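J.: Structure below; questions to follow.
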Amino acid sequence: MLEKLVAFCLRWPWTVVFLTLALTGGGVFLTVDRFQIDTDTAHLFSADIAWRKNEAAMYRAFPALEDIIVAVIDAPTGEEADDAARRLNDALQNRPLISRSWRPDDHEFFRKNGLLYLPTAEVEKTVGMMMGQRDVLTPLAEDPSLRGLSNVLLGNLKSASVSERIFARYLAGLDEFSRVFEETLAGRSTEVDWGKLLSGGGSAGPATPALEKRRMVLIKPVIDYSALQPGADAIELVRATAADVGITKDKGVTLRLTGQVPLADEEFATISENMALNTTATLVVVTLILFAALRSPKLILAVLITLLAGLAITSGLGILLIGRFNMISVAFAALFIGLGVDFGIQFATRYREERHTDNDLERAIMAATRGIGGSLTLAAVSLLAGFFCFLPTPFLGVSELGLIAGIGMIVAYLATLTFLPAAIKLMRPRPEHVPIATASLAAVDHWIEGHRKLVLILTALAVLAGTPFLLRLHFDSNPMNLRNQQVESVATFLDLSKDPRTAPNKIEVLAPSLEAARELEKKLLALPEVDHIDSIDSLIPKDQDEKLALIERARSELRGALEPRKKPAPTEAETVKALTAAAKALRGAVKSLKKPAPAVARFADNLDALAKASPEIRARARAAIFDGFEKMLGEIRQALGAERVTPESLPQDLRGDWISNTGLVRLEVTPKGDSNDRIVMTKFADAVMAVAPDASGPPIIVSEASRTVTKAFLQAGFYALVSIFIILAVALRNPIDVALTLGPLVLAGIMSLQAAEALGVSLNFANIIALPLMFGVGVAFHIYYVIAWRAGMVDMLASSLTRAIFFSSLTTGTAFGSLFMSSHPGTASMGEFLVISLFFTLLAAFIIVPAFLGPPRVPARKASDAT
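Each residue of the sequence shown is one higher than the one before, starting from 11 at the first, in this note's numbering.
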């Protein structure tokens, strides 16, 4: 059958070439036009898994939680950070690429009811401070002018002097006003910080606690899912808007973006970084290896074109079948190059051997087909079965890779038996005058044959010695460890993870009602792994009756300031007269003080200077004093307007973050400790799920994904071993030969896992594909040897078969090793583990397999007859 297929291709070579190139063009077009990568690690798993269903239910109930940009703003002071966050949030409202922008720590509702959220003692202290300033606030509110200020300060001098502490605060106030007047007279802009002034020079204002230096703005962008980086335009808009409103490093304010959208976009950028360069370098090295293996430019070109055509066709078929690649399935290219080139090298090397014996090109191609066709077919079928065994598993990352890889093996196999023979005929490479085998390796063959027991004993000892590493083997299911820790989104995410108040790795729990949520919250808070829980009840202040009574008392005491009877604004002449009179009176009052008071004299001098200045300067001085005063009065008026807070009285946008339109209530559970630590997350997730099995969130993904992956690989591994065992049993018709084929492969896999753990290479979502890949490579290599051994071949290491396997493994190692040079840690770990696995696969093929097999059971035949 194979010979008829190859004979047809040799009869109609141009037809085969044109048809293949047409399919290649279609694959290239589909790849360029539709190529996409889904970098969301949660999508590596079937949506039918329980924890994926819980996640989907959460996002259906609270869509605002999905696809978020978190803008983290840091500044030298809390006030500056607060101002920067306000400016950014305001500037992002109603922008075309932003569906919503909000600040979780700043809302009109909290500005009005902020006092209710302070401890009762703090409320008492704050309103007491406000009432203590009544004698200043009321007259200034009634006469917000330079006249009113000078009269208030003159009138308070005598009362302030009765207490040393009060007088010190009074003098500090005079210094602050003097500073503002002097700056204004010098033509510089400034204003009074009334919050610090009335609190005695402390931090913050009279109605707010001390501010921290970080603020966050949450942004719900419009996502372009057709783009390779869906959130790129929205992210660029956020950065440009921040620059426009002055949030820049040179002004001491930094902006960093993290969240689902920046993480996904930067993940793709990291994966694609240097991808073209690495691919080009890989193809160059593969070409050099092919030159060393085939020694014929025409043969090399034929194999390379076959490889690239198969790669393009496989890529196009993958896009047609799955639409979008994921972080694992995108590695099909390295897989195809690594395995697909093996078919080409095996066929071309066997062709060279046959051409050395028979100079007729077509007869050599047909002889190569007879000699290697059976082995290629059995290897391809075994690879196909091994990869397709991942299709039923819920681990979609490897399931989709298995689908593409299996199809790729079909494509590579057919291309090797159709396009490659046709290309060889059309290119007509020169005859082969030099033997292909490496006779010098016969000594190694003889040594292994004479020391079989020693090789097997050493193999067993190596496996036993590595058992502790195998038992310690663990799966790192934290997707953040697969990302580049230096990129902004990841570094910011990790920074936020250090503080339980900002930790992103929280668990979300849904309850059917408010009462059920409260019962569930009590159970969750009893867990030692839980730090705290946020819910709609977190927005309901405690001890409201006592706090509201204090606020009502302050509102009554300050009614004159909050609802002042405004005096008519003074004329310029009245202002000058008031300033001059106050200056004179202050100088006179200083003489009666027991201690010198230079601050009073300084202030009096500034009053005189203002009286002599132009009306424009006096107007600017008044604005510098009273613009902040009016703002502060507004804040006090707003703070003292607090009303009782209930779940029903919350604004809809706040309420909607915790209670869905269908009545589901959300609880946000935060763990103790480092929320990005895998062990912390796993224990936390297990504890919460024991109480709330329908919980969702990153810790659930980390915990459950590990179990899903382990189960998927055990399931697929069992299917693969059974299916390949059946295929080999049917083909080889000897159970012992099947065991001799698979036994060394299993040992190679065990030693690969042991070595990886010893070298500190943990299994993860990305590098775990090394197991099916190397299983496929090993099966192919071992089948070649076992079939040749059954045909009576001796000195296998010295044969052309080993030469082909050696150079095939070099190309495979180059393809896999190129991944190790990736900027993406997950991809790099994939390449690292693949190289480790390839080493032990080759060790098994070249040393352990010959020791397992021993001398051939049948007499040696002509090399050309060995299959």
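The C-beta atom is built at its ideal place from N, Cα and C for all residues, glycine as well. If you're wondering where the values come from, they're calculated on a predicted model, not measured in any experiment.
1) If I measure Cβ to Cβ from Ile857 and keep anything under 7 Å in the same chain, skipping five residues before and after, which residues do I get?
2) Round the Cβ separation of Leu317 and Ile347 to the nearest angstrom and send it over; I've been treating them as touching at under 8 Å.
3) Would you be able to state if there are at least three C-beta pairs under 8 Å between the stretch 242-256 and the stretch 91-108?
4) Would the stretch 374-385 count as touching the stretch 423-432 if we require 3 or more Cβ pairs under 8 Å?
5) Do Val679 and Ala526 count as a contact pair if the criterion is CB distance below 9 Å?
6) In terms of alpha-carbon separation, which member of Gly35, Thr672, Ser706 and Pro578 lies closest to Leu524?
7) Is the number of C-beta pairs between the stretch 145-159 and the stretch 632-650 that are closer than 8 Å three or more?
8) Please determine, among Ala74, Leu617 and Phe342, the residue with the shortest C-alpha to C-alpha distance to Ala415.
9) Taking its Cβ as the centre, do 16 or more other Cβ atoms sit within 10 Å of Glu65, making it buried, or is it exposed?
10) What's the C-alpha gap between Leu221 and Ala776?
11) List the whole-angstrom C-beta distance separating Leu643 from Ala74, where the pair is believed to meet the contact cut-off of C-beta under 8 Å.
12) In whole angstroms, give me the CA-to-CA distance for Arg665 and Asp115.
13) Taking the alpha carbon of Ala95 as the reference point, which residue from Arg113, Ile79 and Gln103 has its own alpha carbon closest?
14) Let's test the definition: count the other Cβ atoms within 10 Å of the Cβ of Thr251 and tell me whether it reaches 16, buried, or not, exposed.
15) Give me the Cα-Cα distance between Ile233 and Gly412, rounded to the nearest whole angstrom.
16) What's the C-alpha gap between Glu410 and Thr822?
17) Does the Cβ of Met691 lie closer than 8 Å to at least one heavy atom of the ligand GDP?
18) Thinking just about the alpha-carbon of each residue, which of Gly418, Ile517 and Asp370 is nearest to the one in Ala702?
19) At which residue ranges does the stretch 141-229 contain complete alpha helix (DSSP H) runs of 4 or more residues, listed in the order of the chain?
20) Cutting at 8 Å between CB atoms, please list the residues of its own chain near Thr477, excluding the five before and the five after it.
21) Measuring CB to CB, does Ser499 end up less than 9 Å from Arg266?
22) At 3 residues or longer, what runs of the beta strand (DSSP E) sit wholly inside the stretch 237-268?
23) Under a three-way DSSP split, which group does Asn491 fall into?
24) Give the secondary structure of Asn616 by DSSP, where H, G and I count as helix, E and B as strand, and everything else as coil.
25) So, at 6 Å on beta carbons, what are the nonlocal neighbours of Val661 in its own chain, with the 5 sequence-adjacent residues on each side left out?
26) Quick one: what does DSSP say Ala559 is sitting in, helix, strand or coil?
27) In the structure shown, what three-state DSSP assignment does His542 receive?
28) Tell me whether Val804 sits in a helix, a strand or coil according to DSSP, three-state version.
29) For Phe120, which residues does DSSP report across the bridge?
30) Give the range of the beta strand (DSSP E) segment to which Pro681 is assigned.
31) When DSSP labels each residue in this structure, what does Asp509 get in the three-state scheme?
32) Output the distance between the C-alpha atoms of Ser772 and Arg365, rounded to the nearest integer angstrom.
33) Please report the straight-line C-alpha distance between Glu90 and Leu54, rounded to a whole angstrom.
34) In chain order, what residues of the same chain have a beta carbon less than 7 Å from the beta carbon of Asp879, not counting five sequence neighbours either side?
35) Measuring straight from C-alpha to C-alpha, what distance separates Ala749 and Val796?
36) Could you check which residue in Ser828, Gly864 and Glu842 has the C-alpha nearest to that of Leu290?
T.: Result, derived from the coordinates:
1) Ile458 and Val465
2) The pair is a contact, with the Cβ atoms about 7 Å apart (cut-off 8 Å).
3) yes
4) yes
5) no
6) Thr672
7) yes
8) Phe342
9) buried
10) Confidence is the limiting factor: at Leu221 the pLDDT is only 43, short of 50, which leaves the residue's position unreliable and the question unanswerable from this model.
11) With a Cβ gap of about 35 Å, Leu643 and Ala74 do not count as contacting.
12) 15 Å
13) Shortest Cα-Cα distance from Ala95 to any of Arg113, Ile79 and Gln103 involves Arg113.
14) buried
15) Ile233 and Gly412: Cα-Cα distance of roughly 30 Å.
16) 21 Å
17) In the structure on display, the ligand GDP does not appear, and there are no ligands present to speak of.
18) Ile517
19) 144-152, 156-170, 174-195 and 204-208
20) Gln764
21) yes
22) 264-268
23) In the three-state reduction of the DSSP assignment, Asn491 falls in the helix class.
24) Helix, per DSSP.
25) The residue asked about is misnamed: residue 661 is Pro in this sequence, not Val. Hits under 6 Å: Phe119.
26) helix
27) strand
28) DSSP places Val804 in coil when its eight states are reduced to three.
29) According to DSSP, which records beta bridges pairwise, Phe120 is partnered with nothing at all.
30) Val675 to Pro681
31) coil
32) Arg365 has its alpha-carbon roughly 47 Å from the corresponding atom of Ser772.
33) 42 Å
34) Any property of residue 879 remains undetermined from this structure, which presents the chain solely from 11 to 877.
35) 10 Å
36) It should be pointed out that residue 290 corresponds to Thr in this sequence rather than to Leu. Nearest to Thr290 by C-alpha distance, out of Ser828, Gly864 and Glu842, is Ser828.
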